[in-house]
Amino acid sequence: MWKYTIQVDGMMCGMCESHVNDAVRKAFPVKKVTSSRSKKETVVITEMELDQETLRAAISATGYDVGEIQKESWHKKGLFGR
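Those letters in the sequence shown? Residues 1 to 82, by full-length UniProt numbering.
Below is the structure:
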């Protein structure tokens, strides 16, 4: 699985976070997506690699500024993680 951390500037409230999350969900089949206006970032967990330009375009289309995108391998942790 893959974890993408995207710097997103311009989110001011919870609805802004929801708009970004919905845009990512519509563009890609993701396992999990969360946004934080205080951290100015969106984190996406997915089983497949994502095209970063398409990811950038999906978020930019909602009116927010997209900065750096970091990609890393991700393994589930916790009680049910292997």
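All C-beta atoms in this analysis are idealised placements derived from N, C-alpha and C, irrespective of residue type, glycine included.
Beta bridge counterpart(s) of residue 91 as assigned by DSSP: Because the chain spans 1 through 82 in this model, residue 91 falls outside it and cannot be assessed.
Are there 16 or more other CB atoms within 10 angstroms of the CB of A57, so buried, or fewer, so exposed? In the sequence shown, residue 57 corresponds to position 57, counting from 1. It counts as exposed.
In or out: L79 buried (at least 16 other Cβ within 10 Å) or exposed? Position 79 of the sequence shown, counting from 1, holds the residue named residue 79. If you draw a 10 Å sphere on the C-beta of L79, you find fewer than 16 other C-beta atoms in it, and that means exposed.
Keeping to the same chain, check which residues put their C-beta closer than 7 Å to that of V30; ignore five residues upstream and five downstream. Position 30 of the sequence shown, counted from the first residue, corresponds to residue 30. Same-chain partners within the cutoff: V24, V44, I45, T46.
Cβ neighbour criterion (16 or more within 10 Å) applied to E53: Against the sequence shown, residue 53 aligns to sequence position 53. Flag for E53 reads exposed.
K71 to G63, Cα distance in whole Å? As a position in the sequence shown, residue 71 is number 71, starting the count at 1. As a position in the sequence shown, residue 63 is number 63, starting the count at 1. K71 and G63 have their C-alpha atoms some 23 Å from each other.
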